[in-house]
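Below is one structure, written out as structure tokens; comments come after it.
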Ligand SMILES: Cc1cc2nc3c(=O)[nH]c(=O)nc-3n(C[C@H](O)[C@H](O)[C@H](O)COP(=O)(O)OP(=O)(O)OC[C@H]3O[C@@H](n4cnc5c(N)ncnc54)[C@H](O)[C@@H]3O)c2cc1C
Ligand SMILES: Nc1ncnc2c1ncn2[C@@H]1O[C@H](COP(=O)(O)O)[C@@H](O)[C@H]1O
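Chains as they are written, first to last, in the working numbering: chain A, 1040 to 1364; chain B, 2 to 248.
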């Protein structure tokens, strides 16, 4: 038995969430006194690939094949399953990214493996049982899922495992695979990247605005606050419904779930559906003019006051702090 | 082209539900919980209805569930699905659900299969991909836009920090997210006709399962909020730096 981690790249680079997945896979390999193979697909340079060893890979398989330049769910799943078979791996780790969520279920079926998506902790392995804690009920609870199959697929929730250096040295091996035409029916036409911004699912700090901000014209201060913190911007559902902000920023039970280190909620009441998407944030700051807003009940820090006064002050205070360190 | 669309629907606790557990945190407490059509499935269904409007095809909804899900199935019929299938079984996990639906689709093919991006109870985003693999057709887990032109669809897929635009030949399967359609609300005529639309109940096939939910945990409660006076914003920054260590 051994562990295999799929290291997804974005434009030839690995994101922090991938190093989290590699560190996590390393820890599972250690739990089972076995080795870890990392698989990369696409164009990634050798010095970037070497980082996978820094975070724990004993071996790096590099699949750089013209046909596999761009992510195609079906084809990538076939290739990863092939690599797993070749390596005798029975535990497959991926990041619970958008692509990872497409791959994990296909891999599960291919490998007759139980799939734990949205994993937030290392597996408990006692008495031959293998149990994973995962998010459930949109962040309102965790479920403990026992994987009863011999093969296992685990998709790790970003921001839930610390990047840990293991400083292994690993060979980079080119891995050749046969691809089949029927795996390439879906064709990528275009990638549209919003490069100027921090992406919300990856963000360590999120600045989020609600209906209390009155209108889209008032988002400049939210963006400025996000900029100086290196944060992503987010919003409540009515804000995206009204078209003040794009749907991709809507967090909550029916939007996306985030678990940043710091979530700053401005002019958001804290409805249960909103909290569902943000409750696993490490630290929550609430700015709201209503002392009775439910959000204060789940916040770590709060300021009762008018966002239009507080936010500009907060921007200056952070600028001052940044200048002083 | 007339399109036959299948929409997979799940029956989930209402979004306002306070989630609690019984039997030493091993059972989800359904006492007093209202169950609803999964909000993302509502988006899938609404788009399916738009795509088949004007006699341009038909929409079937399918659910793996016991008889207690029928109210939700009727809701889908009231919104505008033409007919419904219920596979009479407790939905053990995503694999079980996907296996049952795949079995049905192998005998009753569709041009397009839609699911929600995830069910709001287990948040797996798994059924679409598993179905795709079982049926050996493309799957896209989370789409924000879906257009169909003849035998080919164009979808927009969300990625971290952007989006991808893909073209895919029918048949394929996709999980819909916000943006794909405005959720439709049933009207009076829809509600009346839902009672008489066909709802077929079929029995499940036997299948080995690979996962068991053995317990639950609730998130650790946060301590009391620390309020910072509105005239001391710098104090908040100080706390975030020294106490919380997040900036
Ligand atoms: C099925 C369903 C699913 C849902 N899913 C989601 C979801 O995923 N995400 C989500 O966010 N919501 C969701 N909702 C909606 C949710 O119930 C709330 O309606 C919504 O979160 C409220 O948004 P808000 O806090 O921005 O607005 P409001 O509730 O209107 O709150 C505005 C807040 O701003 C404060 N405020 C006003 N002016 C100022 C000022 N000048 N300075 C500071 N504070 C100010 C007010 O005191 C108030 O607390 C869902 C609802 C349903 C029914
Ligand atoms: N019991 C079920 N019956 C039919 N479809 C389901 C069922 N459970 C989940 N689905 C579909 O699969 C999607 C994703 O669910 P999940 O993989 O559980 O997150 C849902 O949005 C539904 O479209």
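Every residue, glycine too, gets a C-beta built ideally from N, C-alpha and C.
Cβ distance (whole Å) where residue i is taken to contact residue j below 8 Å
i, j, result
"residue 1146 of chain A", "residue 234 of chain B", "Contact flag wrong, Cβ pair sits at about 48 Å."
"residue 115 of chain B", "residue 155 of chain B", "Wrong, their Cβ atoms sit about 15 Å apart, outside the cutoff."
"residue 1174 of chain A", "residue 1153 of chain A", "So it is not a contact: roughly 17 Å between Cβ atoms."
"residue 101 of chain B", "residue 205 of chain B", "5 Å"
"residue 167 of chain B", "residue 1225 of chain A", "5 Å"
"residue 106 of chain B", "residue 145 of chain B", "Rounded, the Cβ-Cβ distance is 25 Å, inconsistent with contact."
"residue 1001 of chain A", "residue 1290 of chain A", "What the structure shows of chain A is the stretch from 1040 to 1364, and residue 1001 of chain A is not part of that stretch, so it cannot be assessed."
"residue 1241 of chain A", "residue 1093 of chain A", "20 Å between Cβ atoms; not a contact."
"residue 55 of chain B", "residue 191 of chain B", "The Cβ separation is near 16 Å, so there is no contact."
"residue 1159 of chain A", "residue 223 of chain B", "Not a contact, Cβ separation roughly 17 Å."
Per DSSP, cross-strand counterpart(s) of residue i
i, result
"residue 104 of chain B", "According to DSSP, which records beta bridges pairwise, residue 104 of chain B is partnered with nothing at all."
"residue 1102 of chain A", "A:1080"
"residue 1372 of chain A", "Nothing can be reported for residue 1372 of chain A: it is not among the residues displayed for chain A, which extend from 1040 to 1364."
"residue 1272 of chain A", "A:1246"
"residue 212 of chain B", "A:1186"
"residue 1327 of chain A", "A:1343"
"residue 1405 of chain A", "No statement about residue 1405 of chain A is possible, as the shown extent of chain A runs from 1040 to 1364 and does not include it."
"residue 217 of chain B", "A:1182"
"residue 1163 of chain A", "A:1170"
"residue 1139 of chain A", "According to DSSP, which records beta bridges pairwise, residue 1139 of chain A is partnered with nothing at all."
"residue 1213 of chain A", "A:1101"
"residue 76 of chain B", "BP columns for residue 76 of chain B are empty, so no partner."
"residue 1045 of chain A", "A:1078"
"residue 32 of chain B", "Partner(s): none; residue 32 of chain B has no beta bridge."
"residue 164 of chain B", "A:1231 and B:159"
"residue 1068 of chain A", "Bridge partners of residue 1068 of chain A: none, in fact."
"residue 1024 of chain A", "Coverage of chain A is limited to positions 1040 through 1364, which leaves residue 1024 of chain A absent and any answer about it impossible."
"residue 7 of chain B", "B:61 and B:114"
"residue 170 of chain B", "B:153"
"residue 1175 of chain A", "A:1180"
Neighbourhood of residue i by C-beta, 8 Å cutoff - its chain only, sequence neighbours within 5 removed
i, result
"residue 36 of chain B", "12, 13, 14, 15, 69, 70, 72 and 73"
"residue 1214 of chain A", "1078, 1100, 1101, 1102, 1122 and 1125"
"residue 121 of chain B", "13, 14, 16, 39, 40 and 41"
"residue 18 of chain B", "34 and 35"
"residue 6 of chain B", "49, 52, 53, 58, 59, 60, 61, 111, 112, 113, 114 and 115"
Where residue i meets chain A, residues with beta-carbon distance less than 7 Å
i, result
"residue 276 of chain B", "The question about residue 276 of chain B has no answer here: the residues shown for chain B are numbered 2 through 248."
"residue 159 of chain B", "1137 and 1287"
"residue 86 of chain B", "The premise fails here: residue 86 of chain B is roughly 21 Å from chain A at the closest Cβ pair, so nothing lies under 7 Å."
"residue 216 of chain B", "1183"
Proximity test, Cβ basis, 9 Å: residue i and chain D
i, result
"residue 150 of chain B", "Among the chains of the structure shown, chain D does not appear; the protein chains present are A and B."
Chain-ordered chain B contacts of residue i [CB-CB under 7 Å]
i, result
"residue 1174 of chain A", "124"
"residue 1313 of chain A", "Within chain B, no residue comes near residue 1313 of chain A; the closest Cβ sits about 10 Å away, beyond 7 Å."
Closer than 8 Å at the beta carbon, the chain A residues around residue i
i, result
"residue 66 of chain B", "Within chain A, no residue comes near residue 66 of chain B; the closest Cβ sits about 18 Å away, beyond 8 Å."
"residue 223 of chain B", "1323, 1337, 1338 and 1339"
"residue 170 of chain B", "1224"
"residue 212 of chain B", "1153, 1154, 1155, 1184, 1185, 1186, 1187 and 1188"
"residue 229 of chain B", "1340, 1341 and 1342"
Contact list for residue i against chain B, beta-carbon separation under 8 Å
i, result
"residue 1119 of chain A", "Near residue 1119 of chain A there are no residues of chain B at all, since even the closest Cβ is about 12 Å away, more than 8 Å."
"residue 1272 of chain A", "Within chain B, no residue comes near residue 1272 of chain A; the closest Cβ sits about 13 Å away, beyond 8 Å."
"residue 1229 of chain A", "165 and 166"
"residue 1357 of chain A", "238 and 248"
"residue 1170 of chain A", "215"
"residue 1241 of chain A", "161 and 162"
Contact set between residue i and chain A, taken where Cβ atoms lie within less than 9 Å
i, result
"residue 131 of chain B", "1144, 1145, 1147, 1148 and 1154"
"residue 110 of chain B", "Within 9 Å Cβ-Cβ: nothing; residue 110 of chain B doesn't reach chain A, min ~16 Å."
Cβ neighbours of residue i in the same chain (closer than 6 Å, five flanking residues each side left out)
i, result
"residue 1335 of chain A", "1325 and 1341"
"residue 1283 of chain A", "1255"
"residue 216 of chain B", "26 and 27"
"residue 1345 of chain A", "1328"
"residue 1266 of chain A", "none"
"residue 1343 of chain A", "1330"
Contacting residues, own chain, Cβ-Cβ under 7 Å from residue i (five flanking each side not counted)
i, result
"residue 23 of chain B", "30"
"residue 1060 of chain A", "1044, 1132, 1133, 1134 and 1195"
"residue 1244 of chain A", "1268, 1269, 1270, 1299, 1300 and 1301"
"residue 1177 of chain A", "1292, 1296, 1315 and 1316"
"residue 92 of chain B", "65, 66 and 98"
"residue 1280 of chain A", "none"
"residue 129 of chain B", "116, 140, 142, 174, 175 and 176"
Per-residue contacts from residue i into chain B (C-beta, under 9 Å)
i, result
"residue 1255 of chain A", "Correct list: empty, because the minimum Cβ distance to chain B is about 17 Å."
| query | Can you list, in chain order, every residue whose CB sits closer than 5 Å to a heavy atom of ligand 4? | reply | Only ligand 1 and ligand 2 can be found as ligands here, which leaves ligand 4 out of the picture.
| task | For the stretch 81 to 158 of chain B, list the beta strand (DSSP E) runs that are entirely contained and at least 3 residues long, ordered along the chain. | result | List check, beta strand (DSSP E) in window: 84 to 89, 113 to 117 and 140 to 150.
| request: Would you list, in sequence order, the uninterrupted alpha helix (DSSP H) runs of no fewer than 4 residues that lie entirely inside the stretch 1276 to 1311 of chain A? | output: As far as the stretch 1276 to 1311 of chain A is concerned, its whole alpha helix (DSSP H) runs of at least 4 residues are 1276 to 1280.
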